[in-house]
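Numbering (the numbering used here), first residue to last: 1418 to 1635.
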Amino acid sequence: MIEFYHVYKQYVKSQFALSDVSFSIEKGEFLFLTGASGAGKTTLLKLIFKEELPGKGQILIDSENTNLIPQKKLFKLRRKLGIVFQDFKLLNNRTIYENIAVPLLVRGIRRPTIDSSVNDALALVGLTHRKHYIPAHVSGGEQQRVAIARAIVANPKILLADEPTGNLDTELSIEIFKLFERINANGITVLIATHDDHLMQLFPRRVLKLDKGKLISH
Ligand SMILES: Nc1ncnc2c1ncn2[C@@H]1O[C@H](COP(=O)(O)OP(=O)(O)OP(=O)(O)O)[C@@H](O)[C@H]1O
Ligand SMILES: [Mg+2]
């Protein structure tokens, strides 16, 4: 589902954000991406959704070489992916319901279908009672769940999450990880970037570990 072959990424000369990274993730896997700050986790995720391009190497998503996807067809790749950003990227002038509806609106889906999908996503993350609030008026953990609902509402094949529990206490973080398990049980491949060793111990899964841009275990 996700394949990296000898991938290198350099933002500045003589410093590799990623260096000779190769691994492969099967459909339906749930795994963690870890490593110290600056190790290259966000960079690796950005290469998957083609926000950044590799300097060298090949990346295959769903058997498609992303180097060969023209700009015009990029939306097709992005539709396979649900992304939870480190800073959520929620729209504060829209309700939670409307935030979750965005990926469906941009696909031109009709309102009745949108309504049932958004309500399903709200129920999955346990936020039905907050749907008419704006993000600024709910807690950090609730905002995190809005971001997750928006990432999965359009049925992606792969869910990527960048430090999804960075600002949450342990109890809430466990709830979020359980939510990822439920999403994974629906057949979605889940890749989570996290620093949190304690949580990774509580949820023993395969771990991709980066150290200064090199993959040191997979
Ligand atoms: N846009 C950029 N321009 C220049 N250098 C960058 C850029 N983005 C990241 N880097 C550098 O690339 C390296 C990897 O950064 P990256 O953000 O991928 O690390 P990370 O593992 O996600 O770190 P954190 O845990 O702090 O989020 C770091 O040395 C970083 O400074
Ligand atoms: Mg990062």
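Heads up, the beta-carbon is just placed ideally off N, CA and C, and yes, glycines get one too.
Please read all numbers here as calculations on a predicted model, not as lab measurements.
- About 20 Å separates the CB atoms of V1424 and P1487; that is not less than 8 Å, and the two are not in contact.
- Judged by DSSP in its simplified three-state form, H1612 adopts coil rather than helix or strand.
- In the three-state reduction of the DSSP assignment, V1624 falls in the strand class.
- Annotation for S1454 indicates a beta carbon within 7 Å of some heavy atom of ligand 1.
- In this structure, K1458 is the residue among A1538, K1458 and G1558 with its C-alpha nearest to the C-alpha of V1624.
- By the C-beta density criterion, A1602 is exposed, having fewer than 16 other C-beta atoms within 10 angstroms.
- Closest option to E1446, judged by alpha-carbon separation, among I1633, H1615 and R1599: R1599.
- Per the coordinates, the alpha-carbon of T1483 lies some 25 Å from the alpha-carbon of V1519.
- Apart from the 5 residues on each side of it in sequence, D1479 sits with its Cβ closer than 7 Å to the Cβ of M1418, K1497 and K1574 in its chain, given in chain order.
- For ligand 2, residues qualifying as neighbours are K1458, T1459, Q1503, D1579, E1580 and A1610, where qualification means a beta carbon closer than 7 Å to at least one of its heavy atoms (chain order).
- Residue pairing of S1590 in beta bridges, as defined by DSSP: absent, with no partner found.
- About 17 Å separates the Cβ atoms of F1466 and F1440, ruling out a contact at the 8 Å cut-off.
- Around the beta carbon of S1533, a 10 Å sphere encloses fewer than 16 other beta carbons of the protein chains shown; the residue is thus reported as exposed.
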